[in-house]
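At position 166 of the sequence shown (counting the first as 1) the number is 166 in UniProt numbering, and the numbers step up by one without a gap. All C-beta atoms, glycine included, are put in the ideal place defined by N, C-alpha and C. Remember, it's a predicted structure, so these values are computed and weren't measured experimentally.
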Amino acid sequence: MSTVIKGGTIVTADRTYKSDVLVDGGKIIEIGENLSGDETLDASGCYVMPGGIDPHVHLEMPFMGTHSADNFEIGTRAGLAGGTTMVVDFCLPAPGQSMMEALAIWQQKSGAACSDYSYHMAVTWWGEQVFNEMQEVVDRGINTFKHFMAYKGALMVDDDEMFASFQRCAALGAMPLVHAENGDVVATMQQKLLAEGNNGPEAHSYSRPPEVEGEAANRAIMIADMAGVPLYIVHTSCEQAHEAIRRARQKGMRVYGEPLIQHLTLDDSEYSNPSWDHAAQRVMSPPFRNKQHQDSLWAGLQSGSLQVVATDHCAFTMEQKRFGVGDFTKIPNGTGGLEDRMPMLWSTGVRTGRLTMNEFVAVTSTNIAKILNMYPKKGAILEGADADIVVWDPNRSKTITAANQQSCVEYNVFEGREVVGLPRFTLTRGKVAIEESTVKTEPGHGEFVGREPNAPVGAALSKWKEITAPRKVERRPELMPAGV
Ligand code: URP
Ligand code: ZN
Ligand code: ZN
Ligand code: ZN
Numbered sequence: 001m002s003t004v005i006k007g008g009t010i011v012t013a014d015r016t017y018k019s020d021v022l023v024d025g026g027k028i029i030e031i032g033e034n035l036s037g038d039e040t041l042d043a044s045g046c047y048v049m050p051g052g053i054d055p056h057v058h059l060e061m062p063f064m065g066t067h068s069a070d071n072f073e074i075g076t077r078a079g080l081a082g083g084t085t086m087v088v089d090f091c092l093p094a095p096g097q098s099m100m101e102a103l104a105i106w107q108q109k110s111g112a113a114c115s116d117y118s119y120h121m122a123v124t125w126w127g128e129q130v131f132n133e134m135q136e137v138v139d140r141g142i143n144t145f146k147h148f149m150a151y152k153g154a155l156m157v158d159d160d161e162m163f164a165s166f167q168r169c170a171a172l173g174a175m176p177l178v179h180a181e182n183g184d185v186v187a188t189m190q191q192k193l194l195a196e197g198n199n200g201p202e203a204h205s206y207s208r209p210p211e212v213e214g215e216a217a218n219r220a221i222m223i224a225d226m227a228g229v230p231l232y233i234v235h236t237s238c239e240q241a242h243e244a245i246r247r248a249r250q251k252g253m254r255v256y257g258e259p260l261i262q263h264l265t266l267d268d269s270e271y272s273n274p275s276w277d278h279a280a281q282r283v284m285s286p287p288f289r290n291k292q293h294q295d296s297l298w299a300g301l302q303s304g305s306l307q308v309v310a311t312d313h314c315a316f317t318m319e320q321k322r323f324g325v326g327d328f329t330k331i332p333n334g335t336g337g338l339e340d341r342m343p344m345l346w347s348t349g350v351r352t353g354r355l356t357m358n359e360f361v362a363v364t365s366t367n368i369a370k371i372l373n374m375y376p377k378k379g380a381i382l383e384g385a386d387a388d389i390v391v392w393d394p395n396r397s398k399t400i401t402a403a404n405q406q407s408c409v410e411y412n413v414f415e416g417r418e419v420v421g422l423p424r425f426t427l428t429r430g431k432v433a434i435e436e437s438t439v440k441t442e443p444g445h446g447e448f449v450g451r452e453p454n455a456p457v458g459a460a461l462s463k464w465k466e467i468t469a470p471r472k473v474e475r476r477p478e479l480m481p482a483g484v
């Protein structure tokens with residue numbers, strides 16, 4: 001059965017024009033005037049955009065002694081309700097566990113997804129087995145490997161492991177991702193704060209200042225350059241990390257930065273709230289920053305030095321957050337955001353004039369599809385592309401509240417925010433999943449999206465630095481020190 005999306009204005013990353021869109025068999029089959037199909041969706045007064053892609057979510061993830069509360073079914077439904085038609089989750093082998101074993105667990109968990117999804121593979125330990133398995137992971141359509149520079153004693157990898165893994169990525173045509181925070185410094189600061197009696201959620205942000213993120217971002221960039229791989233820095237939250245990315249890009253290095261909608265719109269005053277629950281709900285890493293850092297992130301999206309807006313959706317219930325009463329280091333790190341990313345970014349970005357509509361599409365969808373190597377199957381309104389489409393009504397509004405959200409947690413960090421701009425329809429591979437506030441999602445409809453590796457780069461990425469091959473110097477024996 002074919003569907004025509006009629007009377008709307010198509011907005012892509014590079015064009016805005018009036019046209020109908022005909023969809024059949026899950027694909028866009030025609031774009032043009034006066035099209036007809038078996039079913040018609042009225043898009044008058046709306047923008048027809050590529051569905052959002054969230055490149056950074058954690059659904060049902062084992063973490064900090066528990067599991068994030070939203071599973072693949074709930075998480076992808078929340079995404080669809082907010083115009084996001086694809087998510088990329090992190091497959092997380094436990095230290096010592098085989099990547100293939102972890103992948104089998106993730107495949108099982110994502111079986112009930114309502115929208116398409118892909119995975120990044122995390123490198124949580126290093127050894128010959130990991131080195132070998134990385135090839136198989138790439139063969140299975142996963143071309144991105146995540147490295148945690150924080151969470152010491154749990155997920156963190158050291159510099160030698162990171163360098164080895166980055167070199168392996170280079171050889172395989174894969175791209176490393178990093179969570180950039182100096183985990184050693186964070187662990188020391190946490191112990192100092194606790195010893196001084198600072199055990200509340202506000203101390204979480206004192207233990208992870210912008211400097212720990214800036215240092216780690218710089219370090220990862222230099223290591224990536226030596227390994228000759230591109231680098232993607234997740235949840236870029238501060239000027240120090242953004243500065244490192246800007247500088248690297250200016251030198252010709254392929255380094256990408258991903259701010260979160262939370263860091264763009266919520267600031268560190270949230271941790272001064274007298275309610276423990278309120279502050280703990282907002283504990284995530286990196287923590288929320290001040291207004292100057294927020295301005296830096298917005299400037300990065302505007303100028304292109306930051307390319308992508310994600311959520312890092314990792315929701316925990318209040319019961320889980322309260323594991324950390326009396327010790328902030330035990331508050332599970334993470335917040336939700338999947339349902340709110342697109343409406344919040346539209347409201348605070350497009351409606352304020354900070355972003356054009358085309359830039360909105362780029363940072364929520366098209367850039368992500370390109371960087372993660374799935375364009376134009378995803379992230380495009382083009383004939384032949386998957387019909388992952390959001391029909392966006394710029395005049396629909398609501399007040400965000402946990403009472404009406406898809407996520408199963410009992411609060412929302414954007415509670416009370418008025419958003420203007422919401423989906424009228426969200427289509428996942430041609431199927432209408434959301435029609436205004438009616439949810440028609442189908443658990444199990446979602447499919448895994450495999451992503452090809454890139455051609456191995458094989459040399460340093462920067463054009464400014466000459467890599468010299470190591471060469472052993474032949475020394476004249478009479479000039480050697482005695483006794484050698
Ligand atoms: O606090 C966060 N961001 N939790 C999710 C795991 C991660 O570091 O991305
Ligand atoms: Zn588990
Ligand atoms: Zn992280
Ligand atoms: Zn994350």
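So residue i is in the alpha helix (DSSP H); what residue range does that whole segment cover?
| i | result |
| --- | --- |
| residue 485 | Because the chain is modelled from 1 through 484, residue 485 falls outside the range shown and cannot be assessed. |
| S36 | Note, S36: premise wrong, no alpha helix (DSSP H); not H, not E. |
| E101 | 99-109 |
| T16 | Careful: T16 lies outside any alpha helix (DSSP H), inside the beta strand (DSSP E) at 16-18. |
| R77 | 72-81 |
| K6 | Taken as a continuous stretch (DSSP letters only), K6 belongs to no alpha helix (DSSP H), being part of the beta strand (DSSP E) at 3-6. |
| D295 | 291-303 |
| D277 | 276-281 |
Comparing C-alpha positions only, which one of the options sits nearest to residue i?
| i | options | result |
| --- | --- | --- |
| H278 | I233, S305, E202 | E202 |
| V88 | A94, F72, E101, G82 | F72 |
| N404 | E415, N395, R396 | E415 |
| F360 | M64, Y375, V309 | V309 |
| E339 | Y17, S36, I74, D24 | I74 |
| F145 | C91, Y117, E181, N132 | C91 |
| E128 | H147, E161, A154 | E161 |
| V23 | V473, D393, D386 | D386 |
| R289 | L306, G304, L264 | L264 |
| V283 | K440, K291, S269 | S269 |
| E33 | Q107, Y151, V4 | V4 |
| G45 | L103, R396, K192, S296 | R396 |
| A112 | G349, G52, P443 | P443 |
| H67 | H313, W125, P230 | H313 |
| M357 | G7, G8, R15 | R15 |
| T366 | V432, Q108, E410, G51 | G51 |
| G337 | S275, D54, L103 | D54 |
In the DSSP assignment, find the unbroken beta strand (DSSP E) run with residue i in it and report its ends.
| i | result |
| --- | --- |
| T426 | 418-428 |
| G52 | 52-57 |
| T265 | First-last for T265: 261-265, but that is the alpha helix (DSSP H), not the beta strand (DSSP E). |
| F360 | Unbroken run through F360 is the alpha helix (DSSP H), 357-361; no beta strand (DSSP E). |
| D89 | 84-91 |
| I10 | 9-11 |
| residue 496 | No information on residue 496 is available, as it lies outside the stretch 1 to 484 that the chain covers here. |
| T352 | From DSSP, T352 is part of no beta strand (DSSP E); its letter is neither H nor E. |
| F145 | 144-148 |
| Y256 | 255-257 |
Give me the Cβ distance between residue i and residue j, rounded to the nearest whole Å; I'm assuming they're in contact under 8 Å.
| i | j | result |
| --- | --- | --- |
| V413 | L266 | 6 Å |
| W298 | R354 | 6 Å |
| K378 | M86 | 6 Å |
| I233 | V186 | In fact, because the Cβ distance is near 17 Å, the residues do not count as touching under 8 Å. |
| S165 | M189 | Not a contact, Cβ separation roughly 26 Å. |
| P259 | L301 | 7 Å |
| L80 | I434 | 5 Å |
| I371 | I381 | Rounded, the Cβ-Cβ distance is 19 Å, inconsistent with contact. |
| E181 | V212 | 5 Å |
| I10 | S19 | 5 Å |
| M99 | V48 | With a Cβ gap of about 39 Å, M99 and V48 do not count as contacting. |
| A170 | G228 | 5 Å |
| E383 | I29 | 6 Å |
| message | Please give me, in chain order, every unbroken run of the alpha helix (DSSP H) with length at least 4 that falls completely inside the region 166-239. | response | 183-195, 202-206, 210-227
| message | Which residues end up in the neighbourhood of ligand 4 when you take C-beta atoms closer than 7 Å to any of its heavy atoms? | response | H56, H58, F90, H179, V234, H235, D312, C314
| Which ranges does the beta strand (DSSP E) cover as unbroken runs of at least 3 residues, wholly within the region 305-338, from first to last along the chain? | none
| field | Sequence ranges, beta strand (DSSP E) only - wholly within the region 107-132, length at least 3 | value | 116-122
| Entirely enclosed alpha helix (DSSP H) segments - the region 369-448, minimum 4 residues | none
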